[in-house]
Amino acid sequence: MPQLSKSSLESLLILADIARALDDFRPLQETLERICEQVASLRGYAATALLMLNDEHNALAIRGSAGMSSAYVEHINRSQRVLLDEGTAELAPSAHAFLHGTEVAISDIEAEPGYGAWKTSAQLLGYRAVVSVPVVVRSRMIGVLNCYGSAPHHHSDEELEVLRLVARLAGVAIETARMASEQRRATDELRAQTEQLHRKNQQLGALFAAVSHLTGVLAHADVTVVTRVAQALADISGGSVLVCGEDGRAVAFAGVADAEVRMHRIATGSRVVRRLRTEASFSSDGHSLVRVGAGAAPLGTLVLWPCLPEGNHVAEVAAAHAAAIVAAELQAGRADRALTTYARPAVLLALAHGLYPPDQVREAAGVLGVPVEQPFRLAAVSCGSTDEAAHLALVPGDLRAAGWPVVTGVHVGTAVLVLLEAEHATSETLRRAARELFRRRQRGIQRMGVSAMFESLTQLPVARDEALAALASPQTAGALVLYEDLGVFGSVARGLSANQAREVVDAVLRPLRTYDAARGTDLVRTLEAYVRAGGQPRAAAEALDVHVNTLHQRLRRCGELSAFDPHNLYDMSRIVLALELERILHGRSPDPAESRGSPAALRASVRAPRGTTDGLPPPT
Numbered sequence: 005m006p007q008l009s010k011s012s013l014e015s016l017l018i019l020a021d022i023a024r025a026l027d028d029f030r031p032l033q034e035t036l037e038r039i040c041e042q043v044a045s046l047r048g049y050a051a052t053a054l055l056m057l058n059d060e061h062n063a064l065a066i067r068g069s070a071g072m073s074s075a076y077v078e079h080i081n082r083s084q085r086v087l088l089d090e091g092t093a094e095l096a097p098s099a100h101a102f103l104h105g106t107e108v109a110i111s112d113i114e115a116e117p118g119y120g121a122w123k124t125s126a127q128l129l130g131y132r133a134v135v136s137v138p139v140v141v142r143s144r145m146i147g148v149l150n151c152y153g154s155a156p157h158h159h160s161d162e163e164l165e166v167l168r169l170v171a172r173l174a175g176v177a178i179e180t181a182r183m184a185s186e187q188r189r190a191t192d193e194l195r196a197q198t199e200q201l202h203r204k205n206q207q208l209g210a211l212f213a214a215v216s217h218l219t220g221v222l223a224h225a226d227v228t229v230v231t232r233v234a235q236a237l238a239d240i241s242g243g244s245v246l247v248c249g250e251d252g253r254a255v256a257f258a259g260v261a262d263a264e265v266r267m268h269r270i271a272t273g274s275r276v277v278r279r280l281r282t283e284a285s286f287s288s289d290g291h292s293l294v295r296v297g298a299g300a301a302p303l304g305t306l307v308l309w310p311c312l313p314e315g316n317h318v319a320e321v322a323a324a325h326a327a328a329i330v331a332a333e334l335q336a337g338r339a340d341r342a343l344t345t346y347a348r349p350a351v352l353l354a355l356a357h358g359l360y361p362p363d364q365v366r367e368a369a370g371v372l373g374v375p376v377e378q379p380f381r382l383a384a385v386s387c388g389s390t391d392e393a394a395h396l397a398l399v400p401g402d403l404r405a406a407g408w409p410v411v412t413g414v415h416v417g418t419a420v421l422v423l424l425e426a427e428h429a430t431s432e433t434l435r436r437a438a439r440e441l442f443r444r445r446q447r448g449i450q451r452m453g454v455s456a457m458f459e460s461l462t463q464l465p466v467a468r469d470e471a472l473a474a475l476a477s478p479q480t481a482g483a484l485v486l487y488e489d490l491g492v493f494g495s496v497a498r499g500l501s502a503n504q505a506r507e508v509v510d511a512v513l514r515p516l517r518t519y520d521a522a523r524g525t526d527l528v529r530t531l532e533a534y535v536r537a538g539g540q541p542r543a544a545a546e547a548l549d550v551h552v553n554t555l556h557q558r559l560r561r562c563g564e565l566s567a568f569d570p571h572n573l574y575d576m577s578r579i580v581l582a583l584e585l586e587r588i589l590h591g592r593s594p595d596p597a598e599s600r601g602s603p604a605a606l607r608a609s610v611r612a613p614r615g616t617t618d619g620l621p622p623p624t
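Basically my numbering = 1-based index in the sequence shown + 4.
See the structure below:
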């Protein structure tokens, strides 16, 4: 039986050890270092290295080594790189082996021509002989195995064959290590994602519970929505919650009573107020502050104490959700107030003056919140002062508490027009409600007149005449008069003769016509244009082909001569009425642009109401 030489036996043992590395699934770097260490002991090599492509794929870099200092590895990888460029004057043995796919064996680099630049590197490492063997995996070049000898050395065919086999095994081991590393990385990533998903599921569960809690409070009607939201957020955050309105006043509070004053001071501080215009949420002095509404027009502030912990996503989202609910509620309240205070009174006044054409009455009914056709009555109330009238119209709580089925009201000077739902407003119920109202407001209300029942909002002008006729009847102060109580006198009271119409027109327009005739001005025409333009100065000025400042000067002159304010609802109502009566007296057809029912004319008649009565008799 043939005997193996000692060198052959050592080679086989090293090959076996490298083969075992295929099943170790070690990290890639550890596998590279181990292969280099095993090969270095083969035939007494002074050093070994595994060079692989860099990230840019334009050079080889040492990825694993044995017998080399870190300084030398750094020198090769950074200073004297093994470039893969055929145009390089002195191509490194490693680059030549990689590019051509065949081993390069140099017995003595000092005596070998063409490697001048690499002789310096050889001197740094202290080697004379070098062999570079390509590392190939599935016909794909992945690197080079270099073996260095400290003395000149001839590489035999047997040695080269062993190194080829070592390179093939090294390639498989490297690929296996790469796959193992990828698998470990994928496993670690999957584990991290699983843990993250678990955490997110927990957060989502808590967040869902918090949002459900906040949303659920809307189903209870025991207290206001804002108060319930504050309490729910306090439960979620475990602290105190203060809700402030846009004016800085506290709207709702939940939590430790001693904290409210301090939280309110924080919320109303000038620095905090400025920051809330640009930041949706932030922390200040141990408190968390969340803006309610948009930055351009904030509706209020949410204050939480103690400050929300950083990274508490559930509490942060709950606070933002609470701010959105509060914003919606405050915005709805603001819209309701605007609707109650301005829109509905203006629409009622316009309907009562017949300023809506039939095809727009349905839109007006939508603003009032009632159908176009159902039983109504209209009440005219004479109050002791303008303030009393304004309070009764804008805060009709006393009317409703007394039993009046109020839709809305509008005050004009010391008088109030009130639209009533008359389905249950019989004569007896109205008299009973009037007695209760007089009892509640003994000094505020002087007289009341109520129209007959009518079935459509289009009949409001007639109802207005009836209510005024009832109010003007010779009755003692504090009495309620129903129009149906007047009998024939009611029909007479609704009439208006031509002379009476001229008196109304002259009272408003005569001073202006006299001034126009004397000065050659156009004050009356200016007033007509202003009304046609819906009280919009620029549009009126454009219609007259004058500068807007000229228009304002003319309007001021009109006001001085006829004692009216173009921004006053009652004054504009008198002007519109005078212009319309003059048109009728002269038999002119209405121009479409100045139709009494046009939106422009309507806008001109719905300025903030103030002044004296709108054709109502003075209080007795």
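All residues carry an ideal CB built from backbone N, CA and C; glycine is no exception.
Computed from a prediction, not measured in an experiment: that's the story for all the values here.
- Counting of Cβ neighbours within 10 angstroms places M457 among the buried residues, the total reaching 16 or more.
- Judged by DSSP secondary structure, M56 falls within the beta strand (DSSP E) whose first and last residues are 51 to 57.
- A check of alpha carbon separations from A582 across V141, V535, R560 identifies V535 as the nearest.
- Between the alpha carbons of R253 and R529 lies a gap of roughly 49 angstroms.
- Across the structure, L169 and A44 are spaced so that their CA atoms are roughly 15 angstroms apart.
- With fewer than 16 other CB atoms across the displayed protein chains lying within 10 angstroms of its CB, L194 is exposed.
- Classified as exposed, N503 has fewer than 16 neighbouring CB atoms from the shown chains inside 10 Å of its CB.
- With a 10 Å radius around the Cβ and a threshold of 16 neighbouring Cβ atoms, N553 comes out exposed.
- Selection E199, A258, S111 evaluated against T228 yields A258 as nearest (Cα-Cα).
- Judged by DSSP secondary structure, Y131 falls outside any beta strand (DSSP E); it is assigned neither H nor E.
- Three or more pairs of CB atoms, one per stretch, sit closer than 8 angstroms, so the region 146 to 166 contacts the region 45 to 58.
- Apart from sequence neighbours up to five positions away, the residues of its chain that approach M267 with a beta-carbon distance below 6 angstroms are L246, V307, W309, ordered along the chain.
- Note on geometry: alpha-carbon atoms of S244 and R278 lie some 23 angstroms from one another.
- In the DSSP assignment, F257 falls within the unbroken beta strand (DSSP E) covering 254 to 258.
- Taken through DSSP and simplified to helix, strand or coil, A326 comes out as helix.
- Secondary structure at N553: helix, using DSSP grouped into helix, strand and coil.
- Around the beta carbon of T418, a 10 Å sphere encloses 16 or more other beta carbons of the protein chains shown; the residue is thus reported as buried.
- In this structure, the CA atom of T180 is about 15 angstroms from the CA atom of G147.
- Across the structure, R295 and E333 are spaced so that their CA atoms are roughly 14 angstroms apart.
- Annotated three-state conformation of M145 is strand, per DSSP.
- Pairing D192 with A184, the inter-Cα distance amounts to about 12 angstroms.
- Shown here, C387 sits in a strand according to DSSP, grouped into three states.
- Between A397 and the set A383, G388, G413, A384, the nearest pair of CA atoms involves G413.
- Boundaries cannot be given for I113, as no alpha helix (DSSP H) includes it and DSSP labels it neither H nor E.
- In the DSSP annotation of this structure, the continuous segment of the beta strand (DSSP E) that includes F458 starts and ends at 458 to 460.
- Segment contact: the region 347 to 362 against the region 310 to 329, fewer than three CB-CB distances shorter than 8 angstroms; contact not assigned.
- The Cβ neighbour count for Q200, taken over all protein chains shown within 10 Å, is under 16; the residue is labelled exposed.
- Within its own chain, the residues whose Cβ lies closer than 8 angstroms to the Cβ of P302, once the five positions on either side in sequence are excluded, are E250, L280, R281, R295, V296, listed in chain order.
- Residue state for G48 is assigned as helix, using DSSP reduced to three classes.
- Distance between A467 and V318, taken at the CA atoms: about 59 angstroms.
- With contacts defined by Cβ atoms closer than 8 angstroms, L424 and V411 form a contacting pair.
- The beta-carbon separation of P156 and S125, rounded to 17 angstroms, does not stay under the 8 angstroms limit for a contact.
- Under DSSP, Y152 takes part in a beta bridge, and its partners are A51, V134.
- DSSP places W122 within a helical segment (H, G or I) once states are collapsed to three.
- Looking at the backbone, the Cα of D520 and that of H571 are separated by about 22 angstroms.
- For S244, the enclosing beta strand (DSSP E) has its first and last residue at 244 to 249.
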